Structure formats: C-alpha cells, structure tokens
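Worksheet for the structure shown next.
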Amino acid sequence: MFILKEIKYKNILEIDYLEIPFNQVICIVGESGSGKTTLIRLLNHLISCDSGDIYYKDTDLKDYDPVQLRREVVMLPQVPIIFPGTIKDNLLLGLELSEKPLVSEETLLKMMQTINLNKNLQTDAFELSGGEKQRLALARILLMAPDVLILDEPSSSLDEDTEIFIIEKLVDYTKSNYKTLIMVTHSKKLAQKYGENVISMEKGIIKKDN
Amino acid sequence: MNGIIEIGILQLMGAYVFLILLLIIVKAQGIGREKEILLSSLRMTVQLIIVGYILVYIFAVNHYLISIGVLIFMEIFAIRNIYARVKLKINYQLRKVITFAMVTGTTITIFYFLLIVINLDPWYEAHYFVPISGMVIGNSMTGVSLGTERLIDGIKTKKNLIENSLMLGATPNKATKNIVNDAFTAAILPTVNSMVGMGIVFLPGMMTGQILSGVSPLTAIEYQIAIMLGILGGVSLTVFILVQLGYKTFFNERSQLTD
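Protein sequences appear in the order of chains A and B.
Per this note's numbering, the first sequence starts with residue 211, numbered consecutively.
Per this note's numbering, the second sequence starts with residue 4, numbered consecutively.
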C-alpha cells in the first residue's frame, strides 16, 4: 500500500496521515484546486513533497528507483498526450518507453475492442476525436499492465454512456487482475458507486477517508 | 606573378571609397544610419590593426605557451559569447556543460587536425595553430549556441510531452530523445548546408586567402576540404557532448523535471 505521513507540498497540500490500500478501487474526489492532482503526482513521483514521507510497499519513495516506480505505478493525466504516429504506434509506446516486451497485433486489437475503439490500427492518431484519444491513452497504459493505475479524470472527455462503459471496464480489469486503481473524479456519484475507498479533499487537506 | 601583392597605406585608403559611397547613399536616401556605419567601420579597422600587430608578435615569438594562451583566450571569449547570444535562461549546470563541451570538443578536434591531418611540427607553430583553432572554435561556438537554444526551448515548450513520457516509466533519456536529436540537427545543419554551395556559389575565405598569397589552388582546396571536415567534426563533437549531457541538467536525481 501507499502510506503518507506528515506530507507538506508548498501551500497546496498538507496530509497528516493517509493509507491507500492495494487491490482496491480508490476514488479521490474534491473541488477544483483541492490538491487531487498534486496528490497523485506525488504518488507517481513526478514531484517530491517538501517534507514528510511517502511509502510504497514499505519502502520510502526517496529510496525507490524513480523510473522503476513509475513503471509499476503508471499515471494517466487528465489531458493525455497523443504522440505523433498511428494508433498502433501510440498503443505500443508505453511498452517501449518502459522497456517492456511488445505485444502482438492480436492483443492490440483485443484491447481496442475492450475500450470500444473501432478504428484501424494504422489510422493517424491525431485524426481521433477527444473521447477517442482519451480511450487510446487509456488502452496504452492498460497494455503496460502496471500494478497501480492512477487516472486523473479518465472519463472527462467521454459522454455519459461511454463514461460508465469505460469505468466499468476499468473496475473489471482491476478486480480480475488484482490491480490497484486510483481514480481522480469530480463525480461523487461515480466515486460512491465504484469506489471501495473514497478520499475527499478540500483545500489540500483530506476531509474524510472511508 | 608570385606571392601576394602588398597594399600600401594610400591604396588601403582607396578601399574606403566603398564606405564613402555607402554613406552618400544612406544620406541621400535619408536612412539615417551614418553614425552606426562609421562606428562599425572604425571598430573593424582598429580591431584588425590591433589583431594584426598581435599576430605579428605571436608568430615572431612562436612559443608553445603563447599558442596555448591564445587557445585559452579564444575558448573563454567563445564561451562567454554563447552565454550572451542565447536569449533564454541557461541554468548553472547547463553553463558548466557548455564550457565542458566547448573545451573538450574543440581541443580534441584541433589537436587531431594539427597532429594527424597536417602533421604539424612543432605542434604549436603559430602560423597554423592560431587560425585553425580560431576556425574550429568560432564554428563550434555558433553550433553550440544554436544547440543550446533549441534544447532549452524544446524542453520548455514540450514539458507536457516529457512529463507524459515520464509518467509511462520512461527514463529522462527516452523522454527527451526527440528534443535532443532535434537540437543536434538544428546545430549542425548550417555547417552541412554551407558545404553544399562551396566552390560553386562562393570560394571560402581560407581558400581565397591562400590563392591570393600565391598558393596553388590545388593545395588551397586540399586545405579547404580538410578544414571544412575538421570544422564539421568539431561542431558535431561539441554539440553532441552538449546535448547528451545538457538534457540531464533539466532533471534532478529523482528523474523529475526541474523548473
């Protein structure tokens, strides 16, 4: 699990103590500016706290190889970048960057079906709509099969039906593969429906940890 | 006709007719840059006279310490010029990398060229050491300036791309690979492009100077080809060192992008 102790980050975040267990769906909710994105960037070790300690698998993040950590704890930002190239290039990019073995076209096509992206693999990724790009970026990190998936508003560009479809797929994936899903969402409804653990934030402080 | 034709003072003053012509045109057209043109011409004249007498002294003394001293002076001047030319903020670590790249890349190139290509003996012979060092350092300075600017700009404007790559478990090296390659290409392209028109569009300065002083064109072109390749090598080496070490200065020991 993640354990956060006496965390301070600028005047954006202040957490006395927080445990984030593994193999669960955890939702982080809060208003804009409440510190949600800062929190997940700390977990992905894209930034370091000014003071305090964060433990991952009982090891202080400061002692964990940062690149290795990000290969186990993969994050999808709210506005994911689509890299120049085809859909196939983008799907494989996560595996290439993290130096994991590439997968077959069959696996790629299966993943496309999973996230409901019915396009040719050779399609230029820039031709996709906003929602399709979001799903493509999601598929990219699912192919990496990390232990922990951190998603920042993964359904922000999706319509309601597709949002529910994708979230349910994510939850299924998490459960059947014994992964941990940490999801930042503005929707309390989604959090209460799918989150086994809901963390509410306000002005950089944890309001409630269920 | 053997050797170069000496230009006397009166003849040299005759060349200033071109300057007078420009001043007349500028005045007549009301462009208003007479002061600037006069100042630039005066500076050029004074600077070249001073350099001329300094070189006369250097060539007469022909001591290894003097050659090394001139090399150090040129390096310092070039490095300071890079800092001044690059309009973007250069972090302290990157400044150290620039210095290291310039000194290492140019010194290796210069000594390889003098010892292996020309087989210069003694190695510090000022007639060769000074102008060749000047050409290598001058061109590398331009390359490093371009490379530095492109590198800093690339990392600044593509911050999201780099962070997205880091989030996916990329090393800083992989996350910045395209930016680094882009900076390298941008830095060496002017040198590569200048080789294309050489001999057709223009005769390069070194070759012109040698021909004027009576050297056979065939010997002149040998030197020109060799020095162009030496410059290409020097620029490539310095810029390669710059970008390969330079990108690291944007990350801390936790592989996080720093501000």
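Quick reminder that beta carbons are idealized off the backbone N, C-alpha and C, glycines included.
Computed from a prediction, not measured in an experiment: that's the story for all the values here.
Verify whether the separation of the beta carbon atoms of residue i and residue j is less than 7 Å.
i	j	result
serine 261 of chain A	lysine 220 of chain A	no
leucine 123 of chain B	tyrosine 115 of chain B	no
methionine 144 of chain B	isoleucine 85 of chain B	yes
asparagine 300 of chain A	leucine 346 of chain A	yes
glutamine 213 of chain B	alanine 229 of chain B	no
phenylalanine 187 of chain B	valine 242 of chain B	yes
valine 246 of chain B	glycine 157 of chain B	no
alanine 335 of chain A	isoleucine 376 of chain A	no
glycine 304 of chain A	glycine 414 of chain A	no
isoleucine 222 of chain A	threonine 248 of chain A	yes
valine 106 of chain B	glutamate 78 of chain B	yes
valine 283 of chain A	valine 381 of chain A	no
isoleucine 121 of chain B	serine 136 of chain B	no
isoleucine 264 of chain A	leucine 214 of chain A	yes
leucine 169 of chain B	alanine 178 of chain B	yes
Spatial neighbours of residue i within its chain, please: CB distance less than 7 Å, with the 5 preceding and 5 following residues excluded, ordered by chain position.
i	result
alanine 401 of chain A	Cys237, Val239, Thr395, Val408
threonine 252 of chain B	Asn94, Gln96, Leu97, Val100
proline 207 of chain B	Met201, Gln227
tyrosine 274 of chain A	Tyr266
glycine 340 of chain A	Ser367
phenylalanine 166 of chain B	Looking at the sequence itself, residue 166 of chain B is glutamate, so the reference to phenylalanine does not match. Same-chain partners within the cutoff: Leu260.
alanine 18 of chain B	none
proline 276 of chain A	His255
isoleucine 7 of chain B	Leu215, Ser216, Gly217
arginine 350 of chain A	Asn300, Leu301, Leu303, Gly304
arginine 36 of chain B	Val29
Taking Cβ positions only, does residue i come closer than 7 Å to chain B?
i	result
glycine 304 of chain A	yes
isoleucine 291 of chain A	yes
asparagine 254 of chain A	yes
leucine 307 of chain A	yes
serine 367 of chain A	no
serine 261 of chain A	no
serine 258 of chain A	yes
Determine the extent of the alpha helix (DSSP H) in which residue i is found, giving its start and end residues.
i	result
threonine 151 of chain B	129-160
lysine 265 of chain B	Not covered by the structure: residue 265 of chain B. The range shown for chain B is 4 to 262.
isoleucine 234 of chain B	220-249
tyrosine 383 of chain A	370-387
lysine 398 of chain A	398-404
asparagine 84 of chain B	67-88
tyrosine 227 of chain A	Unbroken run through tyrosine 227 of chain A is the beta strand (DSSP E), 223-230; no alpha helix (DSSP H).
serine 44 of chain B	37-64
valine 195 of chain B	180-199
lysine 92 of chain B	From DSSP, lysine 92 of chain B is part of no alpha helix (DSSP H); its letter is neither H nor E.
isoleucine 23 of chain B	20-32
valine 435 of chain A	No statement about residue 435 of chain A is possible, as the shown extent of chain A runs from 211 to 420 and does not include it.
Output the boundary residues of the beta strand (DSSP E) element that contains residue i.
i	result
threonine 390 of chain A	390-395
glycine 262 of chain A	261-266
asparagine 255 of chain B	It is not in any beta strand (DSSP E) - asparagine 255 of chain B carries neither H nor E in the DSSP assignment.
asparagine 407 of chain A	407-412
serine 238 of chain A	For the sequence presented, residue 238 of chain A should be read as isoleucine rather than serine. Element bounds for isoleucine 238 of chain A: 235-240.
glutamate 216 of chain A	212-219
leucine 359 of chain A	358-362
leucine 171 of chain B	Element bounds for leucine 171 of chain B: n/a, residue is neither H nor E.
Is there a Cβ from chain A that is less than 7 Å from the Cβ of residue i?
i	result
serine 258 of chain B	yes
Can you list, in chain order, the residues of its chain whose CB lies under 8 Å from that of residue i, leaving out five sequence neighbours each side?
i	result
isoleucine 155 of chain B	Val89, Leu91, Lys92, Ile93, Leu97
threonine 333 of chain A	Thr296, Ile297
serine 258 of chain A	Leu252, Leu271, Lys272
Kindly list the residues whose CB is nearer than 6 Å to the CB of residue i, restricted to its own chain and excluding five residues on each side of it in sequence; keep chain order.
i	result
methionine 421 of chain A	Any answer about residue 421 of chain A is impossible in this case: the structure gives chain A only from 211 up to 420.
arginine 281 of chain A	Ser308
valine 73 of chain B	Val133
leucine 319 of chain A	none
asparagine 65 of chain B	Ala129
Kindly examine the ligand NAD and report whether one of its heavy atoms sits closer than 6 Å to the Cβ of residue i.
i	result
valine 147 of chain B	The model on display carries no ligand, and the ligand NAD is accordingly not part of it.
Mind checking the segment 85-99 of chain B against chain A and listing, in chain order, the residues whose C-beta falls within less than 7 Å of any C-beta there? From the segment 85-99 of chain B, no residue has a Cβ closer than 7 Å to chain A.
Can you give me, in chain order, the residues of the segment 270-288 of chain A that have a beta carbon less than 7 Å from any beta carbon in chain B? Correct list: Pro276, Val277, Arg280, Arg281, Val284, Met285, Pro287.
Selection of the segment 149-182 of chain B by Cβ proximity to chain A, strictly under 8 Å: So the close ones are Asn163, Leu164, Glu166, Asn167, Ser168, Leu169, Met170, Leu171, Gly172, Ala173, Thr174, Lys177, Ala178.
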